[in-house]
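Residue numbers in the sequence shown follow numbering that gives the first Met the number 0, run continuously in steps of one, and reach 473 at the last position.
Every residue gets a Cβ at the ideal spot worked out from N, C-alpha and C, and that includes glycine.
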Amino acid sequence: MAPHTAKAFMDSDFLLSTETARTLYHNYAAELPIIDYHCHVSPKEIWEDKRFENLTQLWLSGDHYKWRLMRWNGIPEKYITGNASDYDKFLKFAACLPRAIGNPMYHWCHLELKRYFGYEGILNADTAPEVWRIAEEALKSPELSVRSIIKKSRVAFIGTTDDPTDDLIYHEKLAADPTFDVIVAPTFRPDKAIHIHKAGWREYIQKLSDTLGMEIRGVADLTQALNLRMAHFASHGCRAADLGMDYMVYRPISRDAADAIFTKAMSGRPLSEEETAGYMTYLLLYCGAECARLGWVMQIHCNCLRNPNSKRFAELGPDTGFDCIGPDRGSDAMAGLLNWLDARDLLPKTILYSLRESDNAYLAVLAGAFQGEGVPGKVQHGSAWWFNDHIPGMRKQLTDLAAVGILGNFVGMLTDSRSFLSYTRHEYFRRILCELMGQWVESGEYPQDMDTLGGLIKDICFQNAERYFGLSLR
């Protein structure tokens, strides 16, 4: 018997198993521009056109996905967030990467090596020194500066994530720079003002006061302060707010009740769970109504369990790779929030994300209950997020949305990343989408009408987001 030859690893038809899928990807999806409407890259680094010296600086610095993978392999923390050399950190990561079979990190890393460094091999402990040298040499070229990476990736729009106290000076500088035509817009992220139950809330209220030069003595002052900052963001091209909720709450209260809770928290007295929920609801409804007034998109991310490892949190602080998928809590609260806003004609365009994959169908059906006349897909079930942005997670989000909603109106993928090489995640998504649609055609579940199919691909990968966020990029 002749030896079996497996399909080549990550060739031009990677993830595309049918002729229809290959046609959809190569003829319609591959060359589309990218709208990265939610990410965490630094506008300062874009303005400065930052250059990186090596792959550790570009890959491992701040990337909690990679940090978790390394911890899974028992690698000491000094090689992850500690003081080991950049080279030694990279060697440790490369040595454990082959064990990540089935993890999207394996695909992302090799896509990035291929697309930005032209490396066609496999990264492992043996090849790590060679890959390090190739990348180090390539990074000396201006073709791999931050701006060049963005342009090479065909990125047309970037929505960063920004605190209300940010002066947005780098967004301003980028908008005034005629040599860089990519739109870099801020996104309003008021979490620190909303999360009254978290450490640092009082200090943040003082920071917001100092930013505006006004005393914030109650919720009327606070909402006025947020209103002033939203006006500042709007003047710098902001098109969206992002509300990061560990879990959803819905307990409507009066302004007087919210004011009493604010005063109590500012005095340092502990709040009950009901008081916390009431205050947070008051601020969420305010932000939603303001998004509608400004014509912004409201994004809500929820159901994350933050920092369950108290020892590591004490050692390393937040956002270091220890967050988890949260428990099932507050799903009915999302419906309450949307209903309150919609009943008052204050519901903005809204994108709902849950870290719980089991919430997919619920969010898609809930979105369908609040669709707005004249706005296709006004309320969206957002793309597979964080622990779900792998092949089965993306397929499930797409199939759930298609089954109980309208996939053709979906605004597509985002990076949600701090890395400038993460634009390959859009390629990953597009390949998965084309494979899924190709399978439906090949099995006779949808006609092989390539004009219609190609139009759907262009919409989902680019044009829907362009319309949804009020952009004109062509």
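So the alpha helix (DSSP H) residue i belongs to, where does it begin and stop?
i           : result
residue 95  : 85-95
residue 209 : 200-211
residue 390 : 390-403
residue 27  : Here residue 27 belongs to no alpha helix (DSSP H), and DSSP marks it neither H nor E.
residue 308 : Where residue 308 is concerned, there is no enclosing alpha helix (DSSP H), given that its DSSP letter is neither H nor E.
residue 56  : Where residue 56 is concerned, there is no enclosing alpha helix (DSSP H), given that its DSSP letter is neither H nor E.
residue 451 : 449-457
residue 106 : 103-116
residue 428 : 423-441
residue 169 : 168-174
residue 262 : 254-265
residue 14  : Neither: residue 14 is in no alpha helix (DSSP H) and is coded neither H nor E.
residue 126 : Segment: none, residue 126 is in no alpha helix (DSSP H) and carries neither H nor E.
residue 147 : 145-151
residue 336 : 330-342
residue 225 : 218-234
residue 69  : 63-71
residue 467 : 463-467
residue 42  : 42-46
Given a cut-off of 7 Å, decide if residue j and residue i are closer than it, judged by their beta-carbon atoms.
i           : j           : result
residue 224 : residue 207 : yes
residue 187 : residue 237 : yes
residue 272 : residue 229 : no
residue 28  : residue 433 : yes
residue 322 : residue 303 : yes
residue 291 : residue 345 : yes
residue 37  : residue 158 : yes
residue 350 : residue 396 : no
residue 195 : residue 278 : yes
residue 185 : residue 235 : yes
residue 437 : residue 19  : yes
residue 44  : residue 145 : yes
residue 10  : residue 21  : no
residue 203 : residue 328 : no
residue 276 : residue 250 : yes
residue 239 : residue 295 : yes
residue 170 : residue 326 : no
residue 431 : residue 386 : no
residue 14  : residue 456 : no
residue 406 : residue 369 : no
residue 404 : residue 371 : no
residue 282 : residue 193 : yes
residue 280 : residue 248 : yes
residue 164 : residue 39  : no
residue 258 : residue 217 : yes
residue 148 : residue 419 : yes
residue 178 : residue 441 : no
residue 68  : residue 104 : yes
residue 393 : residue 347 : no
residue 233 : residue 270 : no
With respect to 6 Å, is the separation between the Cβ of residue i and the closest non-hydrogen atom of the ligand FMN below this value?
i           : result
residue 425 : No copy of the ligand FMN occurs in the structure displayed, which carries no ligand at all.
So what does residue i bridge to, in DSSP terms?
i           : result
residue 239 : 186, 296
residue 352 : 300
residue 380 : 351
residue 475 : The structure shown does not extend to residue 475, since the chain spans only 0 to 473, so no value can be given for it.
residue 161 : 187
residue 324 : 303
Under DSSP, the beta strand (DSSP E) around residue i begins and ends at which residues?
i           : result
residue 155 : 154-158
residue 33  : 33-35
Q | Contact between the region 19-33 and the region 146-160 (3+ Cβ pairs under 8 Å) | A | By the C-beta criterion, the region 19-33 is judged to be in contact with the region 146-160, since at least 3 inter-stretch pairs fall below 8 Å.
Q) Quick check: the region 126-137 against the region 48-58, are there 3 or more CB pairs under 8 Å? A) yes
Q: Would you check if there are 3 or more beta carbon pairs closer than 8 Å linking the region 332-349 to the region 361-373?
A: Yes, they touch.
Q | Touch test, the region 163-182 against the region 250-266, Cβ-Cβ under 8 Å, three pairs minimum | A | no
(Q) Across the region 417-436 and the region 100-117, are there enough close Cβ pairs to call them in contact, namely three or more that are closer than 8 Å? (A) Yes, they touch.
Q. Are three or more beta carbon pairs between the region 407-414 and the region 370-378 nearer than 8 Å?
A. The region 407-414 vs the region 370-378: in contact.
Q: State whether the region 80-99 contacts the region 117-126, with contact taken as three or more CB pairs (one from each stretch) at a distance under 8 Å.
A: yes
Q) Is it true that the region 58-70 meets the region 312-326, where meeting means three or more beta-carbon pairs spaced less than 8 Å apart? A) Note that the region 58-70 touches the region 312-326; at least 3 beta-carbon pairs, one per stretch, sit closer than 8 Å.
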